[in-house]
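The block underneath contains the structure these notes are about, expressed in structure tokens.
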């Protein structure tokens, strides 16, 4: 009979993450400010990803679980949307960090004003005039507090004050703005004005060089004001604001005329006089007439352009000049042992007359050996098992509950089949980084990561690393999604000295294999 302490192997639970909301950036509230977008819907017409085939097996492998693809909504071409469809960007995000990997905070613009004063219109015109990619628009409407049953009943009768500072979750709002300013990934709630409740699904915002935050109480909290680099107040005539609110609440939010007027006279107008209008003195610039004031909008855009130019980074030239200069290799660099088998595989790969099929076959063999070597560096724990003969055996069990592979497109994608063959139920993510032909700098174009990526051990895949610019950007993306440095394993078949040492200076605990 087996001892009670003997470990029994159980089928590993699926470690993939089916994210309900991909990287999302919404023009109303929001994974990024973005450039021009070309959207293609791959719903039911696109073929499903084919399972990678092993040269050693005759049948197809078990279908691997992959992170959900990103998508875009066609409402604004300057903003990044993701809701289960793929998105292709015509402009990428340039480096948002310096050579040492230190982040440069995003530029935060706060826009305050009365209800229906034209805050969103001003924000959209600023985004349009900026003509730069990766701009996030975040609305304060997403941060209303969750209502109790009694408060919900009052809201149905138009007796709940949504225009009071206590109606907003300033703690969540402040932490969200702070993380966006630091370049981190954030989850933004979705508030349903018809049901007066938050949706179960949340939106993920990531990757903003400029964050535009608008709301009626944007200047009502001292902590929020400290996070803003520029503050603008939209001043519009009260009659115009009332007319706009009537049209918006009746047409878009399904309210009745009498209910809207009652709410306006009881809560909206007094709130503007007591809280919103006095906050005008905190503004750096006042925009009369809202979106019609092109002069004020141009002044804001000019100032933001100057700030962005002052924050630019040029990494490629510095990385190309960096070298180890005789310095010893870092301790976290692990090279696959040069056994006769490895030498034999290299002989086939390096032979100029090797056919394409043989080159692919032996490259995959080398990739599998690389991943087997990398898996040995994950944490393991001791377990006791019982053999068929009734003996106990003390073995090892992988302590990492979740393992994911993230490909740096396009070269890293060639390593995915080998990883899937040696690591069961591995989640797969993708990061597309391409070089700008004019500047020579790497630019981020696309990300698709598991929603709970921070809980995974990550194999970052790149077939070759030269200067390390693309790998450095991919590592920065993972760190921005709260992945610990010690959980990142950069796996590559070929790596130059300058690339590996450049990244080791920045991330001292990173494993390079």
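Residue numbers (the numbering used here): 4 to 516. Built from N, CA and C at the ideal position, the CB exists for glycine as well. No experiment lies behind these values; they were computed from the predicted model shown.
> Between residue 298 and residue 181, what straight-line distance do the alpha-carbon atoms span, to the nearest angstrom?
Replying inline: To locate residue 298, count along the chain shown from 1; it is residue 295. To locate residue 181, count along the chain shown from 1; it is residue 178. Going by the C-alpha atoms only, they are around 30 Å apart.
>> Give me, in chain order, the residues of the same chain whose beta-carbon lies closer than 6 Å to that of residue 287; leave out the 5 immediate sequence neighbours on both sides.
In response: Within the chain shown, the letter at position 284 stands for residue 287. Contacts found: 233 and 234.
> What do you get for residue 118, buried or exposed, if any count of 16 or more other CB atoms within 10 angstroms of its CB means buried?
Replying inline: The sequence position of residue 118 within the chain shown is 115, counting from 1. Counting of Cβ neighbours within 10 angstroms places residue 118 among the buried residues, the total reaching 16 or more.
>> As a quick exercise: from 516, 115, 379 and 308, pick the residue whose alpha carbon is nearest that of residue 279.
In response: Sequence index remark: in the chain shown, residue 279 carries index 276 (1-based). Comparing Cα positions, the closest option is 115.
> Would you say residue 494 and residue 418 are within 8 Å of each other, going by their C-beta atoms?
Replying inline: Within the chain shown, numbered from 1, the residue matching residue 494 stands at position 491. Within the chain shown, numbered from 1, the residue matching residue 418 stands at position 415. Yes, Cβ-Cβ distance for residue 494 and residue 418 is below 8 Å.
> How big is the Cα-Cα spacing for residue 130 and residue 475?
Replying inline: As a first step, residue 130 is located in the chain shown; it is residue number 127 there, counting from the start. As a first step, residue 475 is located in the chain shown; it is residue number 472 there, counting from the start. Spanning the two alpha carbons is a distance of roughly 28 Å.
> What are the boundary residues of the beta strand (DSSP E) that includes residue 407?
Replying inline: Within the chain shown, residue 407 is the residue found at index 404, counting from 1. In the DSSP assignment, residue 407 falls within the beta strand (DSSP E) that extends over 406–412.
> Do you know how far the Cα of residue 389 is from the Cα of residue 173?
Replying inline: For the purposes of this step, residue 173 is taken as the residue at position 170 of the chain shown. For the purposes of this step, residue 389 is taken as the residue at position 386 of the chain shown. Answer to the nearest angstrom: the Cα atoms are 56 Å apart.
>> Tell me the DSSP secondary structure of residue 399 in three-state form.
In response: Numbered from 1 along the chain shown, position 396 holds the residue referred to as residue 399. Looking at residue 399 - three-state DSSP - the assignment turns out to be strand.
> Considering only C-alpha positions, which residue in the set 437, 113 and 455 is nearest to residue 95?
Replying inline: Counted from its first residue, the chain shown places residue 95 at position 92. Of the residues 437, 113 and 455, the one whose Cα lies closest to the Cα of residue 95 is 437.
> Given that a residue counts as buried once 16 or more other Cβ atoms are within 10 Å of its Cβ, and exposed if not, what is residue 490?
Replying inline: Residue mapping note: residue 490 aligns to position 487 of the chain shown, counting from 1. So residue 490 counts as buried.
>> Closest to residue 246 by C-alpha separation, out of 470, 121 and 112, would be which residue?
In response: Taking the first residue of the chain shown as 1, we reach residue 246 at position 243. The option with the nearest alpha carbon to residue 246 is 121.
> Nearest-angstrom Cα distance between residue 289 and residue 281?
Replying inline: Translated into positions along the chain shown, residue 289 becomes position 286. Translated into positions along the chain shown, residue 281 becomes position 278. Cα-Cα distance, rounded: 13 Å.
> Under three-state DSSP, which class holds residue 207?
Replying inline: Within the chain shown, numbered from 1, the residue matching residue 207 stands at position 204. Note: residue 207 maps to strand in three-state DSSP.
> Where in the stretch 120–192 do unbroken runs of the beta strand (DSSP E), each at least 3 residues long, occur, reported from the N-terminal end onward?
Replying inline: List check, beta strand (DSSP E) in window: 138–142.
> Using the C-alpha atoms, what's the distance from residue 125 back to residue 404?
Replying inline: Reading the chain shown from its first residue, position 401 is the one you call residue 404. Reading the chain shown from its first residue, position 122 is the one you call residue 125. Their Cα atoms are separated by approximately 47 Å.
> Is the stretch 262–278 in contact with the stretch 336–353, if contact means three or more CB pairs nearer than 8 Å?
Replying inline: With the cut-off at 8 Å, the stretch 262–278 and the stretch 336–353 do not touch.
> How is residue 361 classed by DSSP in three states: helix, strand or coil?
Replying inline: Translated into positions along the chain shown, residue 361 becomes position 358. It is helical.
> Is residue 235 helix, strand or coil when you go by DSSP?
Replying inline: In the chain shown, residue 235 corresponds to position 232, counting from 1. Reduced to three states, the DSSP call for residue 235 is strand.
> What's the C-alpha gap between residue 190 and residue 484?
Replying inline: For the purposes of this step, residue 190 is identified with residue 187 of the chain shown, where counting begins at 1. For the purposes of this step, residue 484 is identified with residue 481 of the chain shown, where counting begins at 1. Using only the alpha carbons, I get a separation of about 11 Å.
> residue 311: which of 203, 293 and 111 sits nearest, CA to CA?
Replying inline: Within the chain shown, numbered from 1, the residue matching residue 311 stands at position 308. The shortest Cα separation from residue 311 among 203, 293 and 111 belongs to 111.
>> For residue 473 and residue 465, which I take to be in contact (beta-carbon distance under 8 Å), what is that distance rounded to the nearest angstrom?
In response: For the purposes of this step, residue 473 is identified with residue 470 of the chain shown, where counting begins at 1. For the purposes of this step, residue 465 is identified with residue 462 of the chain shown, where counting begins at 1. Residue 473 to residue 465, Cβ: 7 Å. Contact.
> Nearest-angstrom Cα distance between residue 488 and residue 447?
Replying inline: Here residue 488 corresponds to residue number 485 of the chain shown, with the count starting at 1. Here residue 447 corresponds to residue number 444 of the chain shown, with the count starting at 1. So the two alpha carbons sit approximately 20 Å from each other.
>> According to DSSP, is residue 484 part of a helix, a strand, or is it coil?
In response: In the chain shown, the residue the question calls residue 484 occupies position 481. Under the three-state reduction of DSSP output, residue 484 falls in the coil class, being neither helix nor strand.
>> If distances are taken between C-alpha atoms only, which option among 454, 347, 220 and 295 comes closest to residue 276?
In response: What you label residue 276 is simply residue 273 of the chain shown in a count that begins at 1. The candidate whose alpha carbon is nearest that of residue 276 is 220.
> Would you say residue 109 and residue 300 are within 8 Å of each other, going by their C-beta atoms?
Replying inline: In the chain shown, residue 109 corresponds to position 106, counting from 1. In the chain shown, residue 300 corresponds to position 297, counting from 1. No, the pair does not count as a contact, with Cβ atoms beyond the cut-off.
>> Just to confirm, is the Cβ distance from residue 453 to residue 432 under 8 Å?
In response: One-based indexing of the chain shown puts residue 453 at position 450. One-based indexing of the chain shown puts residue 432 at position 429. Yes.
> How many Å lie between residue 347 and residue 361 at the Cα?
Replying inline: In the chain shown, counting from the first residue as 1, residue 347 sits at position 344. In the chain shown, counting from the first residue as 1, residue 361 sits at position 358. Near 13 Å, if we compare the C-alpha coordinates of residue 361 and residue 347.
> So, helix, strand or coil for residue 250, using DSSP?
Replying inline: Within the chain shown, numbered from 1, the residue matching residue 250 stands at position 247. Looking at residue 250 - three-state DSSP - the assignment turns out to be helix.
> Which runs of the alpha helix (DSSP H) spanning at least 4 residues fall entirely within the stretch 241–303, listed in chain order?
Replying inline: 241–254 and 260–266
>> Considering Cα atoms alone, identify which of 376, 344, 477 and 145 is closest to residue 415.
In response: In the chain shown, counting from the first residue as 1, residue 415 sits at position 412. Nearest of 376, 344, 477 and 145 to residue 415, Cα basis: 477.
> By the 10 Å Cβ neighbour count, where 16 or more other Cβ atoms means buried, how is residue 139 classified, buried or exposed?
Replying inline: One-based indexing of the chain shown puts residue 139 at position 136. Label assigned to residue 139: buried.
> With DSSP run on the structure shown, which of helix, strand or coil describes residue 459?
Replying inline: Counting from 1 along the chain shown, the entry for residue 459 is found at position 456. Three-state DSSP puts residue 459 in coil, outside helix and strand.
>> Output needed for residue 367: all residues of its chain with C-beta closer than 6 Å, excluding positions within five of it in sequence on either side, in chain order.
In response: As a working note, residue 367 is residue 364 in the chain shown. Taken in chain order, the residues that qualify are 421.
> If you draw a straight line from the alpha carbon of residue 186 to that of residue 231, how long is it in whole angstroms?
Replying inline: Walking along the chain shown from the start, residue 186 turns up at place 183. Walking along the chain shown from the start, residue 231 turns up at place 228. For residue 186 and residue 231, the distance between alpha carbons rounds to 14 Å.
> What residue from 353, 135 and 178 has the CA that sits closest to residue 212's CA?
Replying inline: Taking the chain shown and counting its residues from 1, one reaches residue 212 at position 209. Taking only the C-alpha atoms, the option nearest residue 212 is 135.
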